[in-house]
């Protein structure tokens, strides 16, 4: 009774085919757990191609860099792994970018705390441009190490840009709002800077259906800087947030969203610009 | 098969599983490939007996080896590496199937009955060496009860995990296991008398 028996090849073949009876299968499975010889022999009955496909996926995952904090956070929140990767590789979401943003805003806040009018102007200059810069650097041939991959895989450019825009807004706006608390001269009505911020973001997106997002972002930045500069020279930085101008921002923002909706498919051939 | 250049460090294919695991814990992909060649075939065959979706089986196999890559140092060094791997794989299968019905788990009998020639008497005798009277007693159980026994006793799942794998409520699995054990006990003690 102590004779060591091994599973015969006919049974191994039937088992792999799914044709072994329940008792045979159960016995075989128990035996396999402890017998390296039979485990090696069953391999000759199992199809190689699917196993090689799985191995290539395993190797890819083993060699891939560990997912970043942002990526893990996003997957935790229910974003699919591929979406998380595509959002997280945007330079504007890199830790360094967020760190730089925080430092800049800190200085803006401090400056505002020291000198009333000038500090205020500085804050108003920077705050609405933060999300614009984020979006401008979220997509496109200038900035994106994954860009080549981005255009090569069947991943809609529009989806990519919108996903990253959402991510940029979600990360940068709370930071700017927090920085605003550091500015004592800023009344709560000043949160109306959010309106030009959103309008400019939409405008950048709409403009990127014609040109690179970076060009659009830089152009908008220069225009906004001139406006704030002019208002500051007139001793009233708040002038850029006057009610009549807010209405203009709203109209511009809505128009930009409409244009974006119409032209969003044009985003795809963006790669030809590079 | 992969070329020798893929082996970062010197991995000897004659190494025992525990040595290979230690090398994998040290980041040796070559050792991982040797382990994969040894264990992926039988794991895939065994998973296929529990889930009829090739995609799900491939995913679970992938998850299992990625888990091995990340957690090779978690092996406590006792028992068979094969048993440890199966423990990972069957739990990955349970969580893969949770809430999804696209991958249907077949009771083993259905797969078998569909295209099985009966095993020869000789094989039965050989296999009887492993199970003896227990085997006959197992065969007398209803397929539902046997599926629970299989998942808990043979696959080493908890009743809750077994229930998830089989797509039945946890209480049902518990009752079936309880009844199955009572049947087996009765059958085996009768056999002794």
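Residue numbers (our numbering), protein chains in the order written: chain L, 1 to 274; chain P, 1001 to 1193.
Backbone N, C-alpha and C fix where the C-beta goes; we use that ideal spot for every residue, glycine too.
Since the model is a prediction, treat every value here as computed from it, not as a measurement.
Would residue 1042 of chain P and residue 49 of chain L qualify as a contact pair, given that the criterion is a beta-carbon distance under 9 Å?
Along the second chain, one-based indexing puts residue 1042 of chain P at 42. Along the first chain, one-based indexing puts residue 49 of chain L at 49. No, these two residues do not count as a Cβ contact at 9 Å.
Beta carbon of residue 1157 of chain P nearer than 9 Å to that of residue 1049 of chain P
Translated into the one-based positions of the second chain, residue 1157 of chain P becomes position 157. Translated into the one-based positions of the second chain, residue 1049 of chain P becomes position 49. No, the pair does not count as a contact, with Cβ atoms beyond the cut-off.
Between the segment 1056-1067 of chain P and the segment 1032-1041 of chain P, are three or more C-beta pairs nearer than 8 Å?
When Cβ pairs closer than 8 Å are counted between the two stretches, the segment 1056-1067 of chain P is seen to touch the segment 1032-1041 of chain P, the count reaching three or more.
Just to confirm, are residue 1194 of chain P and residue 1085 of chain P a CB contact at a threshold of 9 Å?
The requested residue 1194 of chain P is not part of the displayed model; chain P covers only 1001 to 1193.
Select from the segment 1060-1073 of chain P all residues with a C-beta closer than 7 Å to any C-beta belonging to chain L, and list them in chain order.
Cβ contacts with chain L: 1061, 1062, 1065, 1066, 1069.
Nearest-angstrom beta carbon gap, residue 121 of chain L and residue 237 of chain L [assumed within contact, 8 Å]
Taking the first residue of the first chain as position 1, residue 237 of chain L is located at position 237. Taking the first residue of the first chain as position 1, residue 121 of chain L is located at position 121. Confirmed, about 4 Å.
Anything in the segment 13-35 of chain L with a Cβ closer than 7 Å to a Cβ of chain P? List those residues in chain order, please.
If the cut-off is 7 Å between Cβ atoms, the segment 13-35 of chain L has 15, 16, 18, 19, 20, 21, 22, 23, 24, 25, 26, 27, 29, 30, 31, 32, 33, 34 near chain P.
Taking beta-carbon pairs under 8 Å, can you tell me which members of the segment 1075-1104 of chain P lie near chain L?
Residues passing the 8 Å Cβ filter: 1080, 1082, 1083, 1086.
Straight-line gap, residue 1060 of chain P to residue 1093 of chain P (C-alpha atoms, nearest Å)
Residue 1060 of chain P sits at position 60 when you count from the first residue of the second chain. Residue 1093 of chain P sits at position 93 when you count from the first residue of the second chain. Their backbone Cα atoms lie some 6 Å apart in a straight line.
Taking residue 128 of chain L as the reference, which of L:64, L:172, L:36, L:160 has the closest Cα?
For the purposes of this step, residue 128 of chain L is identified with residue 128 of the first chain, where counting begins at 1. That would be L:172, whose Cα lies nearest to the Cα of residue 128 of chain L.
So is residue 1039 of chain P in contact with chain L if we call contact Cβ pairs under 9 Å?
Taking the second chain and counting its residues from 1, the one referred to as residue 1039 of chain P is at position 39. Interface flag for residue 1039 of chain P against chain L is set, since a Cβ pair is found closer than 9 Å.
Rank L:108, L:203, L:132, L:247 by C-alpha distance to the C-alpha of residue 170 of chain L and give the top, closest one.
For this step, residue 170 of chain L is matched to residue 170 along the first chain. The candidate whose alpha carbon is nearest that of residue 170 of chain L is L:132.
Going by DSSP in three states, residue 221 of chain L sits in which element: helix, strand or coil?
In the first chain, counting from the first residue as 1, residue 221 of chain L sits at position 221. The three-state reading of DSSP puts residue 221 of chain L in helix, counting H, G and I together.
Please tell me whether residue 971 of chain P has its Cβ less than 9 Å away from any Cβ of chain L.
A question about residue 971 of chain P goes unanswered here, because the residues of chain P that appear run from 1001 up to 1193.
Are the segment 1025-1036 of chain P and the segment 14-27 of chain L touching, with three or more C-beta to C-beta distances below 8 Å?
Between the segment 1025-1036 of chain P and the segment 14-27 of chain L, the count of Cβ pairs shorter than 8 Å is below three; the stretches do not touch.
Verify the CB distance criterion: does residue 280 of chain L have a CB-CB separation below 9 Å to chain P?
Nothing about residue 280 of chain L can be reported from this structure: the residues present for chain L run from 1 to 274 only.
Where does residue 209 of chain L fall in DSSP's three states?
On the first chain, position 209 is the one that residue 209 of chain L refers to. It is coil, neither helix nor strand.
In angstroms with no decimal places, state the Cα-to-Cα distance between residue 73 of chain L and residue 176 of chain L.
Taking the first chain and counting its residues from 1, the one referred to as residue 73 of chain L is at position 73. Taking the first chain and counting its residues from 1, the one referred to as residue 176 of chain L is at position 176. For residue 73 of chain L and residue 176 of chain L, the distance between alpha carbons rounds to 21 Å.
Within-9 Å CB hit, residue 1054 of chain P to chain L:
Your numbering for residue 1054 of chain P matches position 54 in the second chain. Put simply, the CB of residue 1054 of chain P is near chain L, with a gap under 9 Å to one of its CB atoms.
Suppose the cutoff is 6 Å on Cβ atoms and the five residues either side in sequence are ignored; what does the same chain contact list for residue 1160 of chain P look like?
Translated into positions along the second chain, residue 1160 of chain P becomes position 160. Excluding positions up to five away in sequence, the list reads 1170.
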